[in-house]
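Structure first, then comments.
2 protein chains.
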Amino acid sequence: MKLDLSHLLAEPLDARCKGFPLAAPAMALREIGRQGWNVLRGDVPFPVAIVRRGAMRQNSAWMREFTKATGVRIAPHGKTTMCPQIFARQIDDGAWGITVANVRQLDLCAAIGVKRVIVANQVLAHGDVARLATLLKSDPALEVFFLADSLEQLAMVDAEARRQEIGRPLTALLEIGYEGGRTGVRSPTDALTLARAIAATPTVALAGIECYEGLMVSNSDRDAGHVDALLESVRLVAMACDAAGLFSGPEVILSAGGSAAFDIVARDLPLRMSKPVTTVLRSGCYITHDSGTYERLFERVRARSGEPWQSEPGLTPALEVWSQVQSRPERELAILTMGRRDVSFDIDLPRPIKRFRAGQRAPEAVPTAWQVVKLNDQHAYLRVPAEADLKVGDLLGCGISHPCTTFDKWQLLLEVDDDYTVVEGLRTFF
Amino acid sequence: MKLDLSHLLAEPLDARCKGFPLAAPAMALREIGRQGWNVLRGDVPFPVAIVRRGAMRQNSAWMREFTKATGVRIAPHGKTTMCPQIFARQIDDGAWGITVANVRQLDLCAAIGVKRVIVANQVLAHGDVARLATLLKSDPALEVFFLADSLEQLAMVDAEARRQEIGRPLTALLEIGYEGGRTGVRSPTDALTLARAIAATPTVALAGIECYEGLMVSNSDRDAGHVDALLESVRLVAMACDAAGLFSGPEVILSAGGSAAFDIVARDLPLRMSKPVTTVLRSGCYITHDSGTYERLFERVRARSGEPWQSEPGLTPALEVWSQVQSRPERELAILTMGRRDVSFDIDLPRPIKRFRAGQRAPEAVPTAWQVVKLNDQHAYLRVPAEADLKVGDLLGCGISHPCTTFDKWQLLLEVDDDYTVVEGLRTFF
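Going down the list, the sequences are from chains A and B. The first sequence finishes on residue 439 if you use the working numbering, and the numbering steps up by one all the way, no holes. The second sequence finishes on residue 439 if you use the working numbering, and the numbering steps up by one all the way, no holes.
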C-alpha cells in the first residue's frame, strides 16, 4: 500500500494558519521544510507546536519491533494525529491499516489511498452509511470495518445499505463492552444475539470481534486483571461465533488496544479458530508518545513485557509546544503566550522541559520546580522559585500529556531536527 | 468602517472540514447558505456546531443598546469566534474596533479591513513587532493598540521598532494588574515608572490604560467589590499619567471588560481628564452567549444594572452542538457522537437541551435529568433515567458553557434559522 500525498503537499498554506510565520508568503505544504526556518531563532510565531523527527523515528522503529516480536498487526488510530503525512509513514512501517473515529476521517484516508480502515465506532447516520457506500463502490480494493453494538444500529445500517446497492456486504466488528464502560454489548448473550442478527443480514457481514480496553487502565496493578477480563469476553464470544459459523470471509479479525495496555492485548488476545485470525492493535499515541500520562503508562508496558523491552530504549516524547515569556509580573509567576487553545489540558497541564534565551547555543533543561499551574484561553501561568533565571522574552518548551488533544489544536505542526530547524510542515484535519 | 469579506467568501471548502456534508462537492464559503441543508434532516454529518441566527441577532441588538445607554464603546474580543463574518457584523453594529489576542489574529483583522484593533496582550517577539510594523506601514489608516507591562518588554519592542522605521510611534496601553492575577503591573509606583519610560521612548506612545477584570469574577456578591478595586487602580494611574502629561495623542483610551462584569466597567471606568476619554469594553462572548457560565453571570449583570435591563429580554444562547445517539448500552447510559474535540469542557460539560427523532416536526426540550457526565476525545456519556425516551439514532442538541472553547474546535460552524436550515457557513481561523 503506497499512499498518494501529492495533492495534499501541493496545497497552499498561509499565515492565517497558526504556526506559519507571519511575514512568509503563502506556499505549498511541501515547501515548508525547505525554508530553513529555525524555531529557536524566532523564525516562527509563538506559540508553536513541534514534533521532533528523531524521536518520532525512534517510536516508529520501536512499534515495528514490538508488533514483529509479538506477531500482531497494527492499524494505528489516526484520530490521534489526523495527519495524512504521518499515516503514510505508518503504512510504510508495515501497518495493517489505519483506524479512524468516524466516516469523515475514513474519507480522508480513502482520499490518499489507504486501503484498509477500521472505523472504531458505531456507524449509523444515513449520511455516513451513504458515504461509506460511495467509497466502497468507487474502490473495490478498499476494505472498511466498523463497530456494531445494537440491533437498532444494525437496522439503520441495513436500511441505508439496501438503498445504496453496494454489491458487497459492509463488514462489521461486533463490539464487546462492559458494565460502566462506553459503547459495546454488555453480555455474551446479547453479543451472540447481535452476531446472529448480523449473520442473517445480507447487507452486513460479521468480520470479527472488537473491544476497547484503554478506559479500564488507571496506572494501577489491577489494570492487567481488568483488561484480561474484557479480553476473555472477546475470546468467548469469538469462539462461540466461530462455532456457530457466524463469521464471513476468509479470516477473522480480533481487535483491541489503545496506547495504554497494548502489550496485554498482544499477549492475550490472539486465538486459534477454524479460520485464520488476524489480531489488530489500534494504538495511536505511540508515534509521538508524550511527557505525561502515556509516559507513565509506558513504564508499566515495559515492566509487564519482560526483557529485552526493559533494557532497550523505549518510546520517547516527540511533541512539544513552545511559547514565550510575555510577562513576569511577580517574582514567582511568569505568563506564557500559550493557552487552552494550544496545548492539552484534559489529563495533565503541560510540563516545562526546556528554556532558550536569544544568544544561547542550545536549549537548557529547566528545573522540575517550574510548573504550569493554570491555563486561560491564550495564556499559561508558570510558577517558578523567586530566584529562577527566567526573563521576559525567553522561550519555553513544554512537553504535553495526551497527544490527541494537542494535535487537534493545530492545523499545522512543524517537524524539526535536533537543532529545531523545520524539516517538514505536518498538516492535520480535525 | 466597511469590511471586505469577498476574498474569504470565495474560498472553497470541502468535506475534510468538520461540519461540511460528506457527499457535497467542494464549494465557496458563500455557497454554503444557499444549499438548503437542514440539520435535523441529517443533511450534515454529526457532530455539528450550529449558531442560531435569531439568537445572535438578539444579542447583537442587546449589546448595541447597552453600549448606547451607558455611553461606552466596544471592541468585541475577536478571539471568542475568530470569525471574520461575525467581526463584520460587529463593526456594522457600531463597534469601535475589534480586540484580538495576538499579532496573527491582528493580521486576520487587517486583511479584511478592520481599521482599529486592540491586541489585548503583551506584544514582544521580534517577528510579531516586525509584522505589526509592516501592517502599519502599509495602511496609514490602521490603528493598533497593544498592552505593555514591563520595561523588558518595552526595550524589546523599541529595539525592533527602531529597526523597522515605521514613521509613527506604536501605541501602547499600559496594563494594570493585581497580586495573584495574570499580566499587568502590580503597583501604581511601577505603573508610573513604566508610563514615564514609554513616554520617553520615541518609538512607542502611551495611548491609555487597560486592565482585565474578568478573572476576578466568580459569580459571587463580592465580585463587584473586587472589580471596583481594580478599576480604581486604573483610574488612579490614568489621573497620574494625565497630570504628568504622559499620554500622547488627542484622546486617552481606557479599556477593560470581559463578558462577566462589563456592566461594572461601563459604570465605573469612565473618567474626566484633560483630554477626551474613550472607554472601550472588550466583551467577546455576548454575541453567542452560552448555556452555562455566562448565562449564570449575566443574571448578575442584569441584577446590578437595574430597570429596564431586568425586565427586557437579555442575551440568549445561540451556540449549540448537535450529535447523535450511537449506542444505549445500558438503560441509564447513552453514548453520543461528540467529544472533547467538539465541545467546551473547560468550565462545564455540555448541557442537553433538545432531542429530535426522524419523523418529528420539531425538536423537543429534554428533561434536566439528562446529563452529560463525561467526555472522551470523540464520545460523550449521557446519563438518563432508565425510562427515558431516547433511542439509538436520535439527535441531541447541547448547549455549551464558554463559547471561546467551542468555536476553536470548528473551522466551519453552520448558522441556522429557526427550523435548523443552514443559512450561512461561518468560517473561523484558530
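All residues carry an ideal CB built from backbone N, CA and C; glycine is no exception.
How many angstroms separate the CA atom of residue i from the CA atom of residue j?
i      : j      : result
L201/A : E373/A : 58 Å
P85/A  : K400/A : 41 Å
P30/A  : L245/A : 55 Å
G42/B  : A104/A : 41 Å
V432/A : P56/A  : 18 Å
M282/B : L263/B : 11 Å
L278/B : N68/A  : 56 Å
P149/A : R360/B : 43 Å
C250/A : S196/A : 14 Å
L144/B : H235/B : 38 Å
S332/B : R205/A : 29 Å
A129/A : V109/A : 6 Å
D398/B : L391/B : 13 Å
A97/B  : S300/A : 42 Å
C294/A : S268/A : 6 Å
Y221/A : A238/A : 12 Å
A139/B : L160/B : 19 Å
T302/A : V274/B : 42 Å
A64/A  : D417/B : 29 Å
S292/A : R66/A  : 16 Å
Would the beta-carbon of residue i fall within 8 Å of that of residue j?
i      : j      : result
I207/A : A181/A : yes
A37/B  : P54/B  : no
P338/B : G223/A : no
D272/A : R313/A : yes
G28/A  : L421/A : yes
T297/A : P412/A : yes
Q44/B  : K88/A  : no
Q173/A : A157/A : no
L18/B  : F438/B : no
V153/A : L203/A : no
R504/A : D403/A : Any question about residue 504/A goes unanswered here, given that chain A covers just 10 to 439.
I175/B : K146/B : yes
Q99/B  : I107/B : yes
R82/A  : V289/A : yes
M225/A : K124/A : no
P178/A : A214/A : yes
S242/B : A216/B : no
E329/A : G434/A : no
T346/A : N47/A  : no
Could you pull the start and end residues of the alpha helix (DSSP H) that residue i belongs to?
i      : result
W71/A  : R62 to T79
T90/B  : Element bounds for T90/B: n/a, residue is neither H nor E.
G217/A : Looking at the DSSP string, G217/A is not in any alpha helix (DSSP H); the run it does join, the beta strand (DSSP E), is V213 to C220.
T202/B : P197 to A208
F271/B : F271 to D277
G234/B : D232 to A252
What does residue i pair with, by DSSP beta-bridge criteria?
i      : result
M36/B  : L22/B
W105/B : In the DSSP output, where bridge partners are listed per residue, W105/B has none listed.
K383/A : Y390/A
R140/B : Answer by DSSP bridge pairing: none, since R140/B is not bridged.
S264/A : E219/A and V289/A
L154/A : Per the sequence shown, residue 154/A should be read as Phe rather than Leu. DSSP, once it has assigned bridges, lists I127/A and T180/A as partnering F154/A.
T373/A : It should be pointed out that residue 373/A corresponds to Glu in this sequence rather than to Thr. Bridge partners of E373/A: R364/A.
V310/A : Bridge partners of V310/A: none, in fact.
T430/A : N47/A
At least one CB of chain C closer than 8 Å to the CB of residue i: is that the case?
i      : result
A208/A : Annotation note: the requested chain C is absent from the structure, which comprises protein chains A and B.
Quick one: give me the first and last residue of the beta strand (DSSP E) that residue i is part of.
i      : result
Q335/B : L328 to E339
T180/B : L179 to I185
R364/A : R360 to F365
Please determine whether the Cβ atom of residue i lies at a distance below 7 Å from any heavy atom of the ligand ZN.
i      : result
A249/A : The ligand ZN is not part of the structure shown, which contains no ligands of any sort.
Task: Residues of the segment 130-152 of chain A whose Cβ lies closer than 8 Å to any Cβ of chain B, in chain order - done: N130, Q131, L133, A134, H135, G136, D137, A139, R140 and T143
Task: Positions along the segment 388-419 of chain A whose CB lies within less than 8 Å of some CB in chain B - done: H388, Y390, K400, V401, G402, C413, T414, D417 and K418
Task: Selection of the segment 248-263 of chain A by Cβ proximity to chain B, strictly under 7 Å - done: none
Task: Residues from the segment 182-205 of chain B in contact with chain A, defined by Cβ distance under 9 Å - done: E184, G186, E188, G189, G190, R191, T192, G193, V194 and R195
- [ ] Report the residues of the segment 31-58 of chain B with a CB closer than 8 Å to any CB of chain A, ordered along the chain.
- [x] L31, A32, G51, D52, V53, P54 and F55
Task: Interface residues of the segment 333-359 of chain B facing chain A [CB-CB below 8 Å] - done: Q333, Q335, S336, R337, P338, E339, I344, T346, R349, R350, F354 and D355
Task: Residues of the segment 96-112 of chain B with Cβ closer than 9 Å to any Cβ of chain A, in chain order - done: A110, N111 and V112
Open item on the list: Output needed in chain order: residues of the segment 158-169 of chain A with a Cβ under 8 Å from some Cβ in chain B.
Closed with: D158, S159, E161, Q162 and M165
TODO: With 8 Å as the limit, tell me which residues of the segment 209-242 of chain A have their beta carbon closer than that to any beta carbon of chain B; keep them in chain order.
DONE: L224
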